[in-house]
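What follows is a set of notes on a single structure, which appears directly below.
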Amino acid sequence: MGIVKKIGKVKLAISIILLIGVIIYGVMLYDAYNKISVGEVRVVDLHPTSLDLRTWEIKFRIYINNTADVSIEVTRITYKVYINGTYIGEGEKTSLIIEAHTNKYYQFSLEFDAVKLGITTLLSGKGTKEVKVKGKITIPLKPFNLFTLQQISFDYEKVTYYQ
């Protein structure tokens, strides 16, 4: 009977240690979530992809800061793009790793029909264009990278200008 009690105490001790480890890891991930932010958005290129100026492509970079001590997995970044207030489209990128202590950019591109949106004159004319990118970044809370406890998301919205 003494051996059974000792085995029960060992199992309890291991369970408590594992639970404490999961809690500590969860706190670290939550802290890291609070240290992830979108720094800025930069338009890299905006050009027609067809000779009739109907189809255009915009390429832009989203800079993501991670000031945490751990790398963070991002399951999804979504984005919606507006030029001078006109919605031009949306997209997403999945499965990214944001390394610890980095300010790294991720490049996105979006093709759209300027004629359908009624903005061909605006795009082909001279002058500054206001580009707004807004979306959501989703981060999983995964203790020991074994399973997802919960998904945490936060919204971002950035405005930049392009000539």
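Throughout, the numbering used here is defined as the position within the sequence shown, counted from one, plus 6. Quick reminder that beta carbons are idealized off the backbone N, C-alpha and C, glycines included. All figures in this text were calculated on a predicted structure; none of them were measured in a lab.
Runs of the alpha helix (DSSP H) spanning 4 or more residues and lying entirely within the stretch 110 to 144 occur at 120 to 123 and 126 to 130, in chain order. Linking L24 to G141 through their CA atoms gives a straight-line distance of about 36 Å. Only exposed fits F160, as fewer than 16 other CB atoms lie within 10 angstroms of its CB.
When rounded, the separation of the alpha-carbon atoms in V80 and L102 is 5 Å. One alpha carbon belongs to I83, the other to F66, and they sit about 14 Å apart. The beta carbon of N109 sits closer than 7 Å to the beta carbons of G45, Y69 and N71 from its chain, once the five residues preceding and following it are set aside; these are given in chain order.
For T127, the closest of K17, Y31 and T61 by C-alpha to C-alpha distance is T61. Restricting attention to T73, I104 and H53, the CA atom closest to the CA of Q169 is found in H53.
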